[in-house]
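Below is one structure, written out as C-alpha cells; comments come after it.
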Ligand SMILES: [Zn+2]
C-alpha cells in the first residue's frame, strides 16, 4: 500500500501531460487518455523492473549499491525521441514528450540520486535542491548524523552533482533501504509537493472531463 505513495507524482505527471498535449494540439480529452498518460509517465522507470523482480524492492544502498536509473534515465534521449514523436504523431507524441519530461523533472528534485541529466555529454548525476549526502535534514538529525557532517554537507544546495566514480561510495554510505517509509510516510517538503501535485492533477482532470 505504501508503495502507491511513491507513484502519485507520476500519476500527476501523466494527467498533466495529457492536459498539456491537449492544450498544444486542441485535441479533446477522453477519460482513458489519462490512463495512457500515466503509463507513459511511468515508462522511464521500466529500468526498475529487474531490481524489483530480484529483490522485491527498490533502493540504492550499501546492500545494493547500484541505481536502477542508470538503465533508462537519459532525458536528452527522451527529449529528442519525444520531439520527433510529437512532430510525427501529434497529440500522442506530445503526451509522451511531456509525460517523460515531467518524470525526469520529478527525479531531479525528489527522492533518489538525481539523474544523468546531460548524458551523453557527461556521466555525472545531477539533482536540484539536495545535499551530497542526499538526506533531508530531519533524517540527518534523527539519525544523529547532523552533528558529524561538515558545514558544506549540511547546506541544501540549488544543484548537487556526483561523478560516476564517486556516486557508488555516497550510495554505500548514505543510501537508504527504507526510503519509502522515511520519506513518504511523513510530511516533508518533497512528499508535500508530490501529494499536492497529485491533488491538483485530480481536480484538473475532473474539471476537464465534466466541463
Ligand atoms: Zn524515474
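Residue numbers (this note's numbering): 14 to 224.
Backbone N, C-alpha and C fix where the C-beta goes; we use that ideal spot for every residue, glycine too.
Residues in the same chain with beta-carbon distance under 6 Å from residue i, minus the five sequence neighbours each way, listed in chain order, please.
{"i": "residue 203", "result": "123"}
{"i": "residue 132", "result": "87"}
Please list the terminal residues of the continuous beta strand (DSSP E) segment that includes residue i.
{"i": "residue 141", "result": "138 to 143"}
{"i": "residue 98", "result": "Unbroken run through residue 98 is the alpha helix (DSSP H), 88 to 102; no beta strand (DSSP E)."}
{"i": "residue 219", "result": "Unbroken run through residue 219 is the alpha helix (DSSP H), 202 to 223; no beta strand (DSSP E)."}
{"i": "residue 173", "result": "170 to 175"}
Return yes when the Cβ of residue j is within less than 8 Å of the Cβ of residue i, no when it is not.
{"i": "residue 148", "j": "residue 170", "result": "no"}
{"i": "residue 88", "j": "residue 107", "result": "no"}
{"i": "residue 141", "j": "residue 172", "result": "yes"}
{"i": "residue 109", "j": "residue 98", "result": "yes"}
{"i": "residue 197", "j": "residue 19", "result": "yes"}
{"i": "residue 215", "j": "residue 42", "result": "no"}
{"i": "residue 5", "j": "residue 138", "result": "The chain is shown only over 14 to 224; residue 5 falls outside these bounds and no answer can be derived."}
{"i": "residue 217", "j": "residue 51", "result": "no"}
{"i": "residue 53", "j": "residue 113", "result": "yes"}
{"i": "residue 15", "j": "residue 206", "result": "no"}
Measure the alpha-carbon distance for residue i versus residue j and round it to whole angstroms.
{"i": "residue 175", "j": "residue 76", "result": "20 Å"}
{"i": "residue 30", "j": "residue 70", "result": "28 Å"}
{"i": "residue 200", "j": "residue 213", "result": "17 Å"}
{"i": "residue 80", "j": "residue 73", "result": "5 Å"}
{"i": "residue 103", "j": "residue 36", "result": "12 Å"}
{"i": "residue 189", "j": "residue 158", "result": "14 Å"}
{"i": "residue 48", "j": "residue 163", "result": "46 Å"}
{"i": "residue 152", "j": "residue 22", "result": "22 Å"}
{"i": "residue 115", "j": "residue 121", "result": "10 Å"}
{"i": "residue 17", "j": "residue 24", "result": "10 Å"}
{"i": "residue 168", "j": "residue 64", "result": "32 Å"}
{"i": "residue 62", "j": "residue 55", "result": "12 Å"}
{"i": "residue 91", "j": "residue 101", "result": "15 Å"}
Keeping to the same chain, check which residues put their C-beta closer than 7 Å to that of residue i; ignore five residues upstream and five downstream.
{"i": "residue 185", "result": "75 and 78"}
{"i": "residue 85", "result": "57, 59 and 60"}
{"i": "residue 181", "result": "78"}
{"i": "residue 68", "result": "77"}
Can you give me the start and stop residues for the alpha helix (DSSP H) that residue i sits inside?
{"i": "residue 165", "result": "164 to 167"}
{"i": "residue 185", "result": "180 to 187"}
{"i": "residue 50", "result": "44 to 55"}
{"i": "residue 32", "result": "15 to 38"}
{"i": "residue 63", "result": "62 to 68"}
{"i": "residue 193", "result": "192 to 197"}
{"i": "residue 151", "result": "150 to 155"}
For residue i, which residues in the same chain have their Cβ closer than 8 Å to its Cβ, ignoring the five residues on either side in sequence?
{"i": "residue 183", "result": "126, 145, 146, 147 and 175"}
{"i": "residue 136", "result": "129, 176 and 177"}
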